[in-house]
Every structure is written in structure tokens, then in C-alpha cells.
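Chemist: Numbers 70 to 323, taken from the numbering used here, label the letters of the sequence shown in order.
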Amino acid sequence: MSGPSISQVATNTYLVDSGLVNWVVVAEGDSLLLVDAGFPGHRRAVEESIRMIGYQPGQLVAVLLTHAHADHIGGVPQLVRRYPIPVLTHPAEVAHARGGLIESVSPLAVLRNAWRPGFPRFGLACALRGGLSHVRVPATLAFPSGEALDLPGRPVPVPLPGHTSGHCGYLLPDAGAVITGDALVTGHATSQEWGPQLLAPMFNTDHERAVRTLDKLAGLDADLLLPGHGTAYCGSLPDAVALARARAETHLIR
Numbered sequence: 070m071s072g073p074s075i076s077q078v079a080t081n082t083y084l085v086d087s088g089l090v091n092w093v094v095v096a097e098g099d100s101l102l103l104v105d106a107g108f109p110g111h112r113r114a115v116e117e118s119i120r121m122i123g124y125q126p127g128q129l130v131a132v133l134l135t136h137a138h139a140d141h142i143g144g145v146p147q148l149v150r151r152y153p154i155p156v157l158t159h160p161a162e163v164a165h166a167r168g169g170l171i172e173s174v175s176p177l178a179v180l181r182n183a184w185r186p187g188f189p190r191f192g193l194a195c196a197l198r199g200g201l202s203h204v205r206v207p208a209t210l211a212f213p214s215g216e217a218l219d220l221p222g223r224p225v226p227v228p229l230p231g232h233t234s235g236h237c238g239y240l241l242p243d244a245g246a247v248i249t250g251d252a253l254v255t256g257h258a259t260s261q262e263w264g265p266q267l268l269a270p271m272f273n274t275d276h277e278r279a280v281r282t283l284d285k286l287a288g289l290d291a292d293l294l295l296p297g298h299g300t301a302y303c304g305s306l307p308d309a310v311a312l313a314r315a316r317a318e319t320h321l322i323r
């Protein structure tokens, strides 16, 4: 497996692409914030990405989760065993992260779509990186209520339910960026399209809600989209949302 690819997308803000899923690192002085942490097989890649930007994993002050699917929290359990850092997420996502709730696409559903382009490769890649395991992070806490979180980059939570019940994005005001997790992506191993889009309906807990929640993104003061899958998108968020809606209306993978 190749190492992570890192893009500095704004001052002190880095989008890390593992080749299958992304995470974000935000720096402030000597402190770091990690948003999401890839598959279980990405723990070393997460640490490597931090060193590649000139920091050490021990400088992490928190891990912030967009949601609790295995490809976004997989690296967290080993990371927090090595470094005493809090793991925070939206209150509605805590039970999912702790393992008391499961809101993930089933392996059977993926298998049923194995004939579609991209699905065999996606399924194999997930399996090789531990994506079939039920990842739990029992120490996950709900982030405190309020406008901005007291963390590097001063992220402002933007609830984006639909992909999961407590899925949450994060606005980074100084960077003019929004971390969208899986609420709005720009590519995926199972998609034949590039650019702003939703994941296939089968991946969403409530697909209709996932479409409706796009309205929250369209009104944000940001022109940089940092997705959980795909490359960074720079441009009009309303235009990105409109394109994703149009594509969602014609999506055939249920």
C-alpha cells in the first residue's frame, strides 16, 4: 500500500488522501486537531501524515469525528491507546461511535452490487484495511454545545444527518473551508463520476434526509469543500450542492 498524499489546502490546514478515504489535520501553534482517521489499517498512515507536515502524533489535542463508520474511525482505537487525547463527535453520533448502534451498509448489500464497476475493488480494499470489522471507540464524548469548538482551527459544527443519524460537518472559518465527511463527496471507489455528489443511496441510513441536509451546506460562508472521499473542491458551495442534487436524482444504485 502506498503512503498518504497530503495537500495543504489552506493555512495550517491539510487534506490527507489515503487513496480510499480522507482525513484532515489542522494545526495551531504546537497543537494539532485530527478530523477522522481512516480504516483500521490506516493507523500508521495517520501518524505518518502528521510527521510529513512537520509535527508529531504526540502534539494531537483531540480527534474530531464526522461520523462513526469504520473507514472514518478505524484508526482511532489504536491512536488513543498510544496518545491520551479526547475523541469528540455530535451527541447523536456518540452511541454509534461507542458501538451501541450500527448504521452501516451491510457486506451483503455490497456483495449484491458486486457486478457494478468499482464494487469488487472497493469491497476488496475495505476488507484489506479492516473495513469489515465493527470498530468501537468507547471513550467517545459529545462535543460541548456552542458556536465554535475550542480546538485548533476553531471548527464550527454543522449537523448533516442522513448518511448517519449524527453525521456532522465542520466549518473552519479562518480557512474558508468546510469538512463534509460523507455528506457531500467529490469521488468514491464505487462512483464513475467526479465532482460534488452524494454517495449511492445504499450507503446512507436515510438517503432522502441526506439530500435535504445539503441545504445546510449551500448557505455556509466557505468556498473550499474538504470531503471524506475525493479531492478538495474550490468554488461555489451552492453550485456544488446543485450538482450533487441533480446527480442524486438520477442515481440508480439503491
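Heads up, the beta-carbon is just placed ideally off N, CA and C, and yes, glycines get one too.
(1) Which term fits S87, buried or exposed, when burial requires 16 or more other beta carbons within 10 angstroms of its beta carbon?
(2) If you draw a straight line from the C-alpha of D243 to the C-alpha of R181, how long is it?
(3) What whole-angstrom Cβ distance do P230 and L240 have, given they're in contact under 8 Å?
(4) Take A211 and list the residues in its own chain whose beta-carbon comes closer than 8 Å to its own, dropping the five residues that flank it on each side.
(5) Among residues of its own chain, excluding the 5 on either side of R151, which ones have a beta-carbon nearer than 8 Å to its beta-carbon?
(6) In the DSSP assignment, the beta strand (DSSP E) including I248 goes from what residue to what residue?
(7) Alpha carbon to alpha carbon, how far is G288 from V115? Give it in angstroms, no decimals.
(8) Out of A137, H257 and G299, point me to the one whose CA is closest to P186's CA.
(9) Going by beta carbon distance, what residues of the same chain come within less than 7 Å of C303, once the five residues before and after it are set aside?
(10) If you follow the beta strand (DSSP E) that A96 is part of, which residue opens it and which one closes it?
(11) Among G245, S305 and V90, which residue has its Cα nearest to the Cα of A79?
(12) To the nearest angstrom, how far is the alpha carbon of A252 from that of G169?
(13) Which residue marks the beginning of the beta strand (DSSP E) containing V310, and which one marks its end?
(14) Excluding the five sequence neighbours on either side, which residues of its own chain have a C-beta within less than 6 Å of the C-beta of R198, listed in chain order?
(15) When the Cα of H136 is compared with those of R316, S214 and H236, which residue comes out closest?
(16) As a quick exercise: from G144, S260, G143 and G297, pick the residue whose alpha carbon is nearest that of V90.
(17) Look up D140 in the DSSP assignment and say whether it is helix, strand or coil.
(18) Smallest Cα separation from T82: which of E117, I122 and E277?
(19) Is C303 near the ligand SAM - that is, is its Cβ less than 6 Å away from at least one heavy atom of it?
(20) Just to confirm the assignment: which complete alpha helix (DSSP H) runs, minimum length 4, are found wholly within the region 242-290?
(21) In the structure shown, what three-state DSSP assignment does P296 receive?
(22) Check L240 in the structure and name its three-state DSSP category.
(23) Which of helix, strand or coil does DSSP assign to V85?
(24) So is P265 buried or exposed if we call it buried at 16+ other beta carbons inside 10 Å?
(25) Return yes when the Cβ of P221 is within less than 7 Å of the Cβ of E97, no when it is not.
(26) Which of the three DSSP states is assigned to A131 in this structure?
Modeler: Reading it off the structure:
(1) buried
(2) 44 Å
(3) So it is not a contact: roughly 16 Å between Cβ atoms.
(4) Hits under 8 Å: L157, T158, H159, P160 and V163.
(5) Only P126 meet the Cβ criterion.
(6) Per DSSP, I248 belongs to the beta strand (DSSP E) from A246 to G250.
(7) 31 Å
(8) Its Cα nearest to that of P186, the residue H257 stands out among A137, H257 and G299.
(9) D292 and L293
(10) N91 to E97
(11) Per the Cα distances, G245.
(12) 22 Å
(13) Where V310 is concerned, there is no enclosing beta strand (DSSP E), although the alpha helix (DSSP H) it sits in stretches over L306 to E318.
(14) F108 and G110
(15) If we check each option's Cα against that of H136, H236 comes out closest.
(16) G297
(17) helix
(18) I122
(19) This structure lacks the ligand SAM; in fact it carries no ligand of any kind.
(20) Those alpha helix (DSSP H) runs which fall completely within the region 242-290 and span 4+ residues are 276-281 and 283-287.
(21) strand
(22) strand
(23) strand
(24) With 16 or more other Cβ atoms within 10 Å, it is buried.
(25) yes
(26) strand
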